[in-house]
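Take a look at the structure set out below.
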Amino acid sequence: MKKWLMLVLTVSLFMMLVACSDDDTSGDNTSDGGNDSETTETENDEGEAASGEAIELNFWVYGSAGYDVLVDEYMDENPNVTININEGEMEDVHNNLFTSISAGSGAPDISMIEISNVAKFMEANDQFYNLNDYGAADIKDKYLDWKWQQAESVDGSFQLGLPTDIGPTTMFYRTDVMEEAGLPTDPVELAGEIDTWDSYREAAEKIYDETGKPITDSPELMFYAIRDQQEQQYFNEDDELIVEDTVKEAYDFTTQMIEDGYVGQNSLWTPEWGSAMEEGSYATLIGAPAWMIANVKGNAPDSGGDWSLTTIPEGAGNWGGSFLTIPAESEHPQEAYDFIEWLVSPENQLKSFHNNGLFPSAPEVYEDEEFLATTDEYFSGAETARIFAEAAETVQPVYMGVNYSIVNDEIVTALTNVAVEGADPQEEWDAAISRIESQLERQ
């Protein structure tokens, strides 16, 4: 009998608890707080529900990207998201990022990576989120194929970053020097006159004879202009050194032009290089990408109307451009991805073009009438956007390799020695290859 009474009491107590629980649940459905609030907090922590949870993202950038304006716009539209921009020199950002991901601490939520460094970070792709997992593959068709492929694994399964700007190459030129030499100053006419490297050399001879000036002032730019047109440059996709078969011809053309007096001695980014833009001491800034516009205007503020631009002989290459990546340390990969997808959308790439001259990698922008109508009075009213857009659509993808900078630095050293010291071109090439091979053996 006692056992029976205990069973009855237990069942009764259980039924009372169930009833109380039902009452509490009903109350929560008609009031603020309660279990609904707790559930929302849990879902927010897991990133599974839209909420007003405060999110803070650290964003490493370099150069003159001008993303601060767009970041403010995004934060106005998403008041729960705070984005802290940390600006630095390009080399410092890459070095700090590599150190951080190697140590497993200190990396930001989002980082820019320049194209020449992509291969190095792709080797450490386990330290980054695969953006395909967040929807990158769905927006692939919005961007130039060759640009997208620069940050994509060979099999297409891993996407390291979303594309930002690009650097399709053209030919900037001094209209006053061209006129003095008896060459056309109109962009279309000059492009017809100088459409091959042979005709470029003929123009160089004419300019030198008539004005005493070189056709271009930088051995590096002369070499880069031809190098960047090649489908293969320093390495193949097996990371084998292939310079003899790919860029030796560009080196030989450049050094012959140097020896003939058609190429000056100024190194890139030096005060002398900048001053020459203002002085008009040469005819063309060959192989110049879209972002070079800001450099010319900054170095030659009083030369507006003396500069113009047109297509480069034998087709465009690409110099520069970046990607936005999400290191694996980020605790908010979805929010970081949502932001960078928004930032590099065609609409916002158009804003970045107008705000800071970042040339879009989204060809949809090239169809925009306002974009195509863009001219620049500094560059004699040239249709800058159209010229760069046409160049961008002819670029071929190039595999750069992890050790790209090693090879490039040594070749530039050889070119400089030929230009400044009058060194023998072949001896300098052989010495550069020897230094390159020695360094690659230590990698």
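Numbers -21 to -1, 1 to 422, taken from mature numbering (1 follows the signal peptide of the UniProt record, and there is no 0), label the letters of the sequence shown in order. Glycine included, C-beta positions come from ideal geometry on N, C-alpha and C. Small disclaimer: the values here were computed from a predicted structure and weren't measured.
{"query": "Can Val72 and Tyr41 be called in contact, C-beta distance under 8 Å?", "result": "yes"}
{"query": "Could you check what DSSP says for Leu162 in three-state terms: helix, strand or coil?", "result": "coil"}
{"query": "Please give me, in chain order, every unbroken run of the alpha helix (DSSP H) with length at least 4 that falls completely inside the segment 185 to 250.", "result": "198 to 206, 222 to 225, 227 to 238"}
{"query": "Leu247 to Ile62, Cα distance in whole Å?", "result": "34 Å"}
{"query": "Closer than 7 Å by C-beta to residue 427: which residues in its own chain qualify, once you throw out the five before and the five after it? Chain order, please.", "result": "There is simply no residue 427 to check, as the chain begins at -21 and stops at 422 in what is shown."}
{"query": "Give the DSSP-derived three-state secondary structure of Met379 in the structure shown.", "result": "coil"}
{"query": "Given Trp39, which residues of its chain have a CB within under 6 Å of its CB, disregarding the five upstream and five downstream residues?", "result": "Asn65, Val72, Pro87, Ser90"}
{"query": "Does DSSP put Ala130 in a helix, a strand or coil?", "result": "coil"}
{"query": "Taking all protein chains shown into account, do 16 or more other C-beta atoms lie within 10 angstroms of the C-beta of Pro280, making it buried, or fewer, making it exposed?", "result": "exposed"}
{"query": "Is it the case that the segment 288 to 305 contacts the segment 133 to 145, given that we only count it when at least three CB pairs across the two stretches are under 8 Å?", "result": "yes"}
{"query": "Taking only the alpha-carbon atoms, compute the straight-line gap between Gln244 and Ile194 and give it to the nearest angstrom.", "result": "12 Å"}
{"query": "Roughly how many angstroms separate the alpha carbons of Glu22 and Lys330, rounded to a whole number?", "result": "For Glu22, the predicted model reports a pLDDT of 38, less than 50, meaning its position is unreliable and no value from the coordinates is stated."}
{"query": "Compare the C-alpha of Val60 against each of Ile366, Glu70, Ala33 and name the closest.", "result": "Ala33"}
{"query": "For Pro166, is the classification buried or exposed, using 16 other Cβ atoms within 10 angstroms of its Cβ as the cut-off for buried?", "result": "buried"}
{"query": "Compute the Euclidean distance between the alpha carbons of Tyr53 and Glu216, then round it to the nearest angstrom.", "result": "39 Å"}
{"query": "Whose CA, out of Pro342, Val399, Glu406, lies closest to the CA of residue 432?", "result": "As shown, the chain starts at -21 and ends at 422. That puts residue 432 outside it, with no answer to give."}
{"query": "Using three-state DSSP, classify Ser5 as helix, strand or coil.", "result": "Since pLDDT at Ser5 reaches only 38, below the 50 mark, its modelled position is unreliable, and no value is offered."}
{"query": "If you run the structure through DSSP and keep just helix, strand and coil, what is Trp39?", "result": "strand"}
{"query": "Residues bridged to Ser301 by DSSP?", "result": "Glu93"}
{"query": "By DSSP's criteria, Asp51 is part of a beta bridge. Which residues make up the other side?", "result": "According to DSSP, Asp51 bridges with nothing at all."}
{"query": "Would you kindly work out how many angstroms separate the C-alpha atoms of Phe367 and Thr149, rounded to a whole number?", "result": "7 Å"}
{"query": "Check this for me: beta carbons of Ala393 and Glu416, under 8 Å apart or not?", "result": "no"}
{"query": "Which residue from Glu223, Trp176, Gly284, Asp285 puts its Cα closest to that of Phe232?", "result": "Trp176"}
{"query": "Along the chain, where does the beta strand (DSSP E) containing Val60 start, and where does it finish?", "result": "60 to 67"}
{"query": "Which word fits Ser340, buried or exposed, when buried means at least 16 other C-beta atoms lie within 10 angstroms of its C-beta?", "result": "buried"}
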